[in-house]
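The sequence shown runs 5 to 218 under the working numbering.
Note that beta-carbon positions come from the ideal geometry of N, C-alpha and C, so glycine has one too.
Just so it is clear, the structure is predicted and the values come from calculations on it, not from any experiment.
Heads up: the structure comes next, in structure tokens.
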Amino acid sequence: RVTADCHSAFATQPAERRMAGEATHTHVYSERALASIPKLPARGLFLLREPASQIRSSYDYFRNNWTYIPADLTFADYLAATRYGTAAFGGNELAERPEEHADYMAWLDPWRAALGADRMKVTTFDRLKADPQALMEEIAAWCGLSSGFFNGYDFPTENESYQPRNRTLQQLNVAVRAHLPGGRLYDGARWLYRRMNTRKPDRTLADPSEAELR
Numbered sequence: 005r006v007t008a009d010c011h012s013a014f015a016t017q018p019a020e021r022r023m024a025g026e027a028t029h030t031h032v033y034s035e036r037a038l039a040s041i042p043k044l045p046a047r048g049l050f051l052l053r054e055p056a057s058q059i060r061s062s063y064d065y066f067r068n069n070w071t072y073i074p075a076d077l078t079f080a081d082y083l084a085a086t087r088y089g090t091a092a093f094g095g096n097e098l099a100e101r102p103e104e105h106a107d108y109m110a111w112l113d114p115w116r117a118a119l120g121a122d123r124m125k126v127t128t129f130d131r132l133k134a135d136p137q138a139l140m141e142e143i144a145a146w147c148g149l150s151s152g153f154f155n156g157y158d159f160p161t162e163n164e165s166y167q168p169r170n171r172t173l174q175q176l177n178v179a180v181r182a183h184l185p186g187g188r189l190y191d192g193a194r195w196l197y198r199r200m201n202t203r204k205p206d207r208t209l210a211d212p213s214e215a216e217l218r
């Protein structure tokens, strides 16, 4: 399936199009992706986050944006459950094995061996947050593309973690959203739902478990 999807995603492009892009963060952990993508005329860009922050972000995301992690499970208890294998978290591998997936070198070394140094670039989420235009201009140059597109671009954020105000409504949202057709109606409904039932996660208090993890 991955092989077919990759060839479909990276099919021969029209002459006026220099490059096609695709972003699936779980490819870095996929043996099939590793076996298929390096055979294509593709490059690999890896954007890494500080490991403890990555694990905390995954906890917030799978607990709030989704329902894989129970709402009453603290971050400390979540870490204990993942270390001792006492919860399945809906079969979501990223939620089940966060520390393993944040041990980046174990995953990056095989990609480097398969892609080669020239077709692989590793950078950080901190760089993207600090100066997105500079980083994107650097990436464009690496791809042999003009960086002029990013002049004045406002770099909107997508797919951020949020905290639901009413978790019953969030459970209903998770249950039905995958079955709704995309398009303007979907986008409008999503905007309205998030305006009514979500807020930014409260990260004003430092979590000792995150500091210990780091």
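Asked: In whole angstroms, what is the alpha-carbon distance linking His-105 and Asn-69?; Found: 20 Å
Asked: Straight-line CA distance for Gly-94 to Pro-114?; Found: 28 Å
Asked: Our contact map puts Asn-56 next to Leu-217 with C-beta atoms below 8 Å; I'd like the distance itself, whole angstroms only.; Found: Position check: residue 56 holds Ala in this sequence, whereas Asn was assumed. At roughly 4 Å, the Cβ-Cβ gap stays under 8 Å, so Ala-56 and Leu-217 are in contact.
Asked: For Arg-203, name the three-state secondary structure that DSSP assigns.; Found: strand
Asked: Quick one: residues in its chain with C-beta nearer than 7 Å to the C-beta of Leu-173, no 5 flanking neighbours on either side, listed in chain order?; Found: Asn-201
Asked: Rounded C-beta distance between Leu-196 and Phe-129? I'm assuming under 8 Å.; Found: Contact flag wrong, Cβ pair sits at about 29 Å.
Asked: In whole angstroms, what is the alpha-carbon distance linking Thr-7 and Ala-117?; Found: Any reading at Thr-7 needs caution, since the residue's pLDDT is 49, under 50, leaving its predicted position unreliable; the model's value is listed next. Straight-line Cα distance between these residues: approximately 19 Å.
Asked: Identify which residue in Glu-162, Cys-147, Pro-136 and Tyr-166 has its Cα closest to the Cα of Asn-155.; Found: Pro-136
Asked: Near Met-23, what residues of its chain come up, given a Cβ to Cβ distance below 7 Å and the 5 sequence neighbours on each side ignored?; Found: Cys-147 and Leu-149
Asked: Tell me the residue span of the alpha helix (DSSP H) that contains Met-124.; Found: It is not in any alpha helix (DSSP H) - Met-124 instead sits in the beta strand (DSSP E) that spans 124-128.
Asked: Taking the continuous beta strand (DSSP E) assigned at Phe-50, which residues delimit it?; Found: 48-52
Asked: Please report how far the alpha carbon of Asn-170 lies from the alpha carbon of Arg-198, in whole angstroms.; Found: 11 Å
Asked: Where does Met-23 fall in DSSP's three states?; Found: coil
Asked: Where DSSP assigns a beta bridge to Gln-167, which residues make up the other side?; Found: Arg-203
Asked: When the Cα atoms are used, what is the spatial distance from Arg-188 to Pro-212?; Found: 42 Å
Asked: Helix, strand or coil, according to DSSP, for Trp-146 in the structure here?; Found: helix
Asked: Using only alpha-carbon positions, find the residue among Ala-46, Leu-83 and Asp-206 that is nearest to Lys-125.; Found: Ala-46
Asked: Between which two residues does the alpha helix (DSSP H) harbouring Tyr-87 extend?; Found: Residue identity differs from the one stated: residue 87 is Arg in this sequence, not Tyr. It spans 79-88 - the alpha helix (DSSP H) in which Arg-87 sits, taken as one unbroken run.
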